[in-house]
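Residue numbering for the sequence shown follows my numbering, starting at 1 and increasing by one per position.
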Amino acid sequence: MNPVNKVLSLFGVRLSRVNKTFKQMSKEEKEFKEKYEHYFKLAENNKRGFKTIKTYRYQVGEHPSSTKDLEFEFVAHYLYKSKPANILDIGSYRHFILGLLAHYNVTTVDIRGRKSILENENVVTCNAKALEFSDNSFDTVVSLECLPHLGLLRYGDDFDLDADIKAFKEMIRVLKPGGLLIFSTAITGGEPCIVFNARRNYSYKMIRDFCHDLDYVEEKFINRRDACHCLLDEITTDPNFFDYYIGCWRKRQVKEIE
Ligand SMILES: C[S@@+](CC[C@H](N)C(=O)[O-])C[C@H]1O[C@@H](n2cnc3c(N)ncnc32)[C@H](O)[C@@H]1O
C-alpha cells in the first residue's frame, strides 16, 4: 500500500487514483458519481463487519482490448483449429503460455530462467538461435514478440545481428512438415531499423523473406496506438514507433520442398 495511504487508512480515508473534478466528468460519470456517493453511505452501514474505505472507481463501458488480446486471439484461433499434440513456444508472454498449459503440452524456450510447477510444461533455458531439439519435433511453434529482440543483449543473450535469422531457421527445422509456425514481431512502414538494443523494427519485405520456404495461411497487422487491426499501408512510418505483425505459416510437406 502507498505509504501516504497507509497513514490515511488509519482515519478510514484513502487517496484515490481518479482526480477528475466533477465538472470534468461525462454526463454518464456524473450520474454514476452521485449513485456512488449514495451507495457509499449504505456500504458504510453494512452489517457484514466490513470497515468501508472510500476508493472511487469508474470502469463502466466496453471492456478494453489490448494489442496482446489481438495477438493471443489470433494464436488461439489456429490452435483451436489445429489441436496440436505438442507445442514449442519461444519467448512469448508467460501469461499466455500459462493459459495454453491448461490444455496443451508445451515446451517453452527462453534465454531467461523461469520456474514452472506444471508437469505438462517442459522448461528449456537456451538461446533460440541454437535449439536443442531434433528436426520435425513439434506440431506447432509459437513465438510472440521474441524475434525482434534476438542477439541484441537486452535479455542476456550474446551480440549477434543474425540471431533472428538463425532462430527463425531453427523454428522451421524443429517444426513437423505440415505444422504451423505462428509468430509476431515489430513492423514499420518506414525504414527498417535496429533500435539498439530495444528491438528491430522490420519492414514487411523482411518478414516475408523469413517465411520464404513456408506456405502462407494468414497474417494481420496491429496498430499499437489504437490496439486494433489495420491494413499494411496503414502501418506506422514514424521512426520512433512501431506496430505489430502477426502471421500463421505452414511448413511444407517434404515432397513439396524438393
Ligand atoms: C518482449 S519479451 C516477450 C514477453 C516475455 N516473455 C514476457 O513474458 O513478458 C521477449 C522474450 O524473448 C526472450 N529472449 C530474448 N533473447 C532471446 C534468445 N536469444 N533466446 C531465447 N529467448 C530470448 C526474452 O527473455 C523475453 O522473455
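Every residue, glycine too, gets a C-beta built ideally from N, C-alpha and C.
Here N197 is near L153, since their CB atoms are less than 8 Å apart. Distance check between I165 and each of H149, K176, G178 places H149 closest, using alpha-carbon atoms only. The C-alpha of D157 lies about 16 Å from the C-alpha of E145. Taking all protein chains in view, the Cβ of N46 is surrounded by fewer than 16 other Cβ atoms within 10 Å, so the residue is classified as exposed. When DSSP states are grouped into helix, strand and coil, H95 belongs to the helix group.
For R200, the Cβ stays outside the 7 Å cut-off from all heavy atoms of ligand 1.
Any heavy atom of ligand 1 counts here; residues with a Cβ closer than 5 Å to one of them, in chain order, are G91, Y93, R94, D110, I111, R112, N127, A128, E145, C146, H149, L150, Y155, D157.
Taken atom to atom, the span from the alpha-carbon of I187 to that of K129 is near 21 Å. Cβ atoms of I87 and Y104 come within 8 Å of each other, at about 5 Å.
Within the same chain, L70, K220, F221, I222, N223 come within 8 Å of H229 by CB-CB distance, once the 5 residues on both sides are set aside. In the three-state reduction of the DSSP assignment, P64 falls in the coil class, being assigned neither a helical nor a strand state. By the neighbour-count criterion, in which a residue is buried when 16 or more other Cβ atoms sit within 10 angstroms of its Cβ, D135 is exposed. The DSSP assignment places complete alpha helix (DSSP H) segments of no fewer than 4 residues inside the region 148 to 224 at 163 to 174, 204 to 210, in order along the chain.
In the three-state DSSP reduction, S82 falls in the helix class (H, G or I). Taking all protein chains shown into account, I194 has fewer than 16 neighbouring C-beta atoms within 10 Å of its C-beta and is therefore exposed.
In the pairwise beta carbon analysis, the region 32 to 48 is classified as not touching the region 71 to 78: fewer than three pairs are separated by under 8 Å. Close CB contacts of C126 within its chain, under the 8 Å cut and outside five residues either way in sequence, are with V109, I111, E132 (chain order). Taking all protein chains in view, the Cβ of R200 is crowded by 16 or more other Cβ atoms within 10 Å, so the residue is classified as buried.
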